[in-house]
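Sequence lines, in order, name chains A and B. Take my numbering: the last position of the first sequence gets the number 108, and nothing is skipped along the way. Take my numbering: the last position of the second sequence gets the number 235, and nothing is skipped along the way. Yeah, the Cβ is synthetic: ideal placement off N, Cα and C, and Gly gets one too. This structure is a prediction, so every number in the text was calculated from the model and none was measured.
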Amino acid sequence: MKQTFLVKHAVGGRAFLDSAKQNVAYTVDPFGDGWKFTAKVPWSDRVEELLAHRTELNVFVFKEFDDRPTLKTWYYVGEGPVEYDPDRSELTIVAASRIEYDPHQYSV
Amino acid sequence: MINVFPAAERHSADLGWLRSFPSYSFGDYYDPNRTGFGVMRVCNDDYLAPGRGFGAHPHSDMEIVSIVLNGRIRHEDSLGNNVVSSFGEVQRMSAGSGVIHTEFNASDEEELRLLQLWFMPKERGTAPSYEASSFDVGKLHNVLLPVVSAQASERVAWIGQDLTIYLSRLGQGERIVHVTDPDRKLFLFAIEGSLRANGVSLGEGDTAQIERSGELELVAGPDAFLMLVDMPAQP
């Protein structure tokens, strides 16, 4: 099973972080009523853009399997918080809720 | 103050199955000087090939309006809605705390043209909702017909922002005056034909951002079809 962590701009889908294209060590754990992502990423223009659009993020985890369709999980960030610790090169994103979906479950 | 953005200067994208003409930054098109106007974040003039469309994707905290200009659109979402709309119908989705949806050209033969409008909501984190409404096409002539508004009615879709979207068809030389609070913003789109807005000319496909203008006079050229959005400056 291949798992991808993806953070995109909600307006149009520009990718700010894509673990399939850059080496990103990350964890996602239950946090209060939601979930908390912790990712080790060096500071970059993309991280700066991500933080500038912290209230307009689409956060995904894609799980790709050999024997069944990809399962996508989208996380609702809402008010976050979304923060970056430069000393630890660590991005944290708190999500309030999530929706799991199979892209093929729809009729079209 | 009226700033006109000519159609010829709009960004365009051609993906084969989709030709898109966004008025503001969208996707890989990013212009820091064109990221929206007032509470409007997106105004895409999209042409979708028969049978093609946007696969399952999420939205949150955005008021999304689809106005069909030609053809038919099928919308399906995680709230259980599965609706086909054509010209004379409007789809409104308040994404709130999250919704997954698809949008496809429902026809296997005819191209779909639709305006996709995104607005920042008045309130974030609300329960998501969806509505398809229809307006009377026969009543578009020589009036500003509201089709989406915070003040909803039987044939006007509700939206979670203090704005109203009007459509209108005007014949040559016909004149309409729209009065609003000068602190509000107006967005004008000449969908077809040409017109003058407070004396400033707009050709087909041109858009205009209008500020600090409590009164807007629209005078049509031949067979003008226009959209006007009256909205607050900030959520």
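- Taking each of A/69, A/13 and A/49 in turn and checking the Cα distance to residue 101 of chain A, the smallest one comes out for A/69.
- With 16 or more other CB atoms across the displayed protein chains lying within 10 angstroms of its CB, residue 44 of chain B is buried.
- Checking the DSSP bridge columns, you'll see residue 205 of chain B has no partner listed.
- About 7 Å separates the beta carbons of residue 5 of chain A and residue 39 of chain A, which is inside the 8 Å limit, making them a contact pair.
- Less than 8 Å separates the beta-carbon of residue 106 of chain B from that of residue 74 of chain B.
- By the Cβ rule, the segment 53-60 of chain B does not count as touching the segment 28-45 of chain B, because fewer than three pairs are nearer than 8 Å.
- When the Cα atoms are used, residue 26 of chain A and residue 222 of chain B turn out to be separated by approximately 59 Å.
- By the Cβ neighbour-count rule, residue 82 of chain A is buried, with 16 or more other Cβ atoms within 10 Å of its own.
- Within 8 Å of the CB of residue 42 of chain B, the CB atoms of chain A belong to 11 and 12, in sequence order along the chain.
- The DSSP assignment places complete beta strand (DSSP E) segments of no fewer than 3 residues inside the segment 47-92 of chain B at 53-59, 63-70, 72-77 and 82-86, in order along the chain.
- DSSP, reduced to helix, strand and coil, places residue 179 of chain B within a strand of the structure shown.
- Only exposed fits residue 22 of chain A, as fewer than 16 other CB atoms lie within 10 angstroms of its CB.
- Inclusion of residue 25 of chain B and residue 34 of chain B in the CB contact set at 8 Å is warranted, their separation being smaller than that value.
- Judged by beta-carbon spacing, residue 182 of chain B lies beyond the 8 Å limit of residue 108 of chain B, meaning their Cβ atoms are not closer than that value.
- At a C-beta separation below 8 Å, residue 81 of chain A has no neighbours in chain B, since its nearest C-beta there lies roughly 14 Å away.
- Nearest C-alpha to residue 8 of chain B among B/150, B/76, B/157 and B/203: B/203.
- The Cβ neighbour count for residue 128 of chain B, taken over all protein chains shown within 10 Å, is at least 16; the residue is labelled buried.
- In the structure shown, residue 34 of chain A adopts extended strand secondary structure according to DSSP, grouped into three states.
- Judged by beta-carbon spacing, residue 119 of chain B lies beyond the 8 Å limit of residue 186 of chain B, meaning their Cβ atoms are not closer than that value.
- The shortest C-alpha to C-alpha distance from residue 20 of chain A to any of A/61, A/73 and A/104 is the one to A/61.
- For residue 67 of chain A, the number of other beta carbons within 10 angstroms of its own is below 16, and it is reported as exposed.
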